[in-house]
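Those letters in the sequence shown? Residues -18 to -1, 1 to 491, by mature numbering (1 follows the signal peptide of the UniProt record, and there is no 0).
Heads up, the beta-carbon is just placed ideally off N, CA and C, and yes, glycines get one too.
Owing to the predicted nature of the structure, the values given are computational and were not obtained by experimental measurement.
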Amino acid sequence: WTFAAALVVLGCPEALEAFEGDDGSSCSPGRADTDCHARAGSAYFWPMQKGNAARTGLSPYAMPSISQGPSWHWQDDHNDVIRSTPLIDGELNVYLTTVAGRIYKFSPEGKILWTYDSGDRGSIPGVPALLDGVLFALTTSGFVLALDMDSGSERWAVQVAPRSGFDTPCMFAANNTLVFAVVDPVPALFQVGAQSEREIKSNKVVALSAADGSLRWRFTPDTFLFNFQAASPGDGTLVFQDQAGGLYRLAVDDGRKIWRAGRLERAEFSTGASVVHDGMVFAVSNVADTGLLHAYDLETGELLWQQTLGHPANQAVAVGHLAGSPEGEASVVLGIGDNPGLPIIARLYQQMHWLPGFVAYPLHLMSLAFPKLFSKKQPRAIVAFSARTGALRWWYELEAFHYPAAAGESERLLDRLAAMGNGTNPKNDPLCLPDSCAQPVLDSAGTVFVPFQDGKIYAIRDDDADGIINPATEVSTFDVGDGFQASLALAPGLLAAAPCGGGLHVFRS
């Protein structure tokens, strides 16, 4: 690492900142069988973020214990930022995408089967999807890439917009349709240099044919989109959320708006997303400094219930049966808490571009050695509610996070900046900037898995059904050392975890 590279990059704001199933099956909006959503529309175990088109995060399989550590770990020598959930096909092969535009296919035992680089088509900060033998990814230059899952070769690539956001948008893929968010038009403030690349937000929803990339429709929401994630109940419609917590239900065939519900105040902001289950839509957003969980009727958009959460909420829920809850009753579960901040050296250069390196570097080292001197406590929790009524199931308050930035961010920043500055890894991002936690997922045994900004994966189950989580007997953890933006991926006897840095961790039975 050289300070020349750090000064160049840190001084620049840009551096800181299911439808009908393939087998003919379908899930009706009112159906209470949550496994239906985990199976419908895919021959793969985890084809997109949260595992299925409804985005419930529910797997019909029990997961291995995480407390003993992964069965194998792939170390990323490029030091790429990773925000993308791993994807798992029907043969337990795992697909991993990095912000720098690299895509890897691993065998179940951890052997690399092929690699792909997006080249001059841009970075890939979002989450791809698998459908009908093809991996679909969106780049920051507005390209949709279709890669053959067997070989990693391109089947087609088409530019659909001048840009996409540098957040973590998710590709939706089902029934020969791709749905995703882009930036079109490009903001004038960015074009005149008054806005950085990482400040650009998506403003358009686009649908393509998965067969050839031909355009199906475009839709403009009322306000910007952040970490776009469409969800479908399998009835020919989809639901998504804007950055303020506004909800939209569209027809998939033509993009026609069926209803608009949710929050209407455009000044509110959240990186949360919506989830569909059993005729209901669950949205997560923020009002002022507190999170809001709100549930709606899928058919009408009518508000059914809401809960104020006390802490900020920036990730979607998982939905399914939790251990200890009444049989046949679904729960919603989510992580909440303040998002971590920037590393100290990044904060310094963000506010004082002129600061000499011999001043900033010692402060950086001090923040690594004494992080609590440079940060305040950030409360966080994992909470569960009845999906039908919104009644509290349990509330588990974690130890407050007390570091300037998410685990691994400060430690990896300077090496990433050097590689970006000297041209060896130009498409990477210096920072992951994760939320306080990733989206939770559930296994068939009712265990909820939530990775947090401290680098730990938390596995929780209320075994004695008393509504109180005992940390000694009902919580297990594993520390991978880096914070998380990507949720976990689940398959029979396999759990895949991709933190912001350090590669891929796979737990096997």
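#1: Hey, out of Val299, Phe466, Gly33, whose CA is closest to phenylalanine 264's CA?
#2: I need the straight-line Cα distance from residue 493 to glycine 292, nearest angstrom please.
#3: Does the Cβ-Cβ distance between alanine 305 and arginine 443 come in under 9 angstroms?
#4: Name the DSSP beta bridge partners of glutamine 360, please?
#5: If you draw a straight line from the C-alpha of alanine 479 to the C-alpha of leucine 229, how long is it?
#6: Have a look at proline 215 and threonine 202 and give me their C-alpha separation to the nearest angstrom.
#7: Round the Cβ separation of threonine 122 and phenylalanine 162 to the nearest angstrom and send it over; I've been treating them as touching at under 8 angstroms.
#8: Span of the alpha helix (DSSP H) holding serine 392?
#9: Buried or exposed: where does aspartate 71 fall if 16 or more other Cβ atoms within 10 Å of its Cβ makes it buried?
#10: Taking C-beta to C-beta, are glycine 484 and aspartate 58 nearer than 9 angstroms?
#11: Closest to serine 191 by CA distance: which of Val164, Ala155, Arg180, Thr219 is it?
#12: Taking the alpha-carbon positions, what's the leucine 399 to leucine 74 distance?
#13: Look at the alpha carbon of proline 433 and the alpha carbon of alanine 111, and state the distance between them as a whole number of angstroms.
#14: Along the chain, where does the alpha helix (DSSP H) containing histidine 346 start, and where does it finish?
#15: Determine the direct distance from the alpha carbon of phenylalanine 352 to that of alanine 473, and round the result to whole angstroms.
#16: Isoleucine 318 bridges to which residues according to DSSP?
#17: Among Leu486, Gly465, Leu380, Ala389, whose alpha-carbon lies nearest the alpha-carbon of proline 453?
#18: Give me the Cα-Cα distance between arginine 13 and glutamine 173, rounded to the nearest whole angstrom.
#19: Comparing alpha-carbon positions, which option in Asn296, Trp199, Cys419 lies nearest aspartate 236?
#20: Quick one: what does DSSP say glutamate 179 is sitting in, helix, strand or coil?
#21: In the DSSP assignment, the beta strand (DSSP E) including tyrosine 86 goes from what residue to what residue?
#22: On the DSSP letters alone, give me the boundaries of the beta strand (DSSP E) that tyrosine 230 sits inside.
#23: Is it true that the stretch 412 to 426 meets the stretch 388 to 402, where meeting means three or more beta-carbon pairs spaced less than 8 angstroms apart?
#24: Should the stretch 264 to 276 be regarded as contacting the stretch 242 to 254, the criterion being three or more beta carbon pairs within less than 8 angstroms?
#25: In the DSSP assignment, the beta strand (DSSP E) including tyrosine 278 goes from what residue to what residue?
#26: Judging by CA-CA distance, which residue of Gln289, Asp446, Arg180 is the nearest neighbour of arginine 145?
Taking the coordinates as given:
#1: Val299
#2: With the chain running from -18 to 491 in the structure shown, residue 493 is simply not present.
#3: yes
#4: Phe383
#5: 29 angstroms
#6: 22 angstroms
#7: Going by Cβ atoms, the distance from threonine 122 to phenylalanine 162 rounds to 12 angstroms, so no, they are not a contact pair.
#8: 391 to 403
#9: buried
#10: yes
#11: Ala155
#12: 35 angstroms
#13: 21 angstroms
#14: 339 to 351
#15: 40 angstroms
#16: Ala363
#17: Leu380
#18: Only weak support exists for where arginine 13 lies, its pLDDT of 33 falling under 50; the value from the coordinates is given anyway. When rounded, the distance between both Cα atoms is 48 angstroms.
#19: Trp199
#20: helix
#21: 84 to 88
#22: 228 to 233
#23: yes
#24: yes
#25: 272 to 279
#26: Arg180
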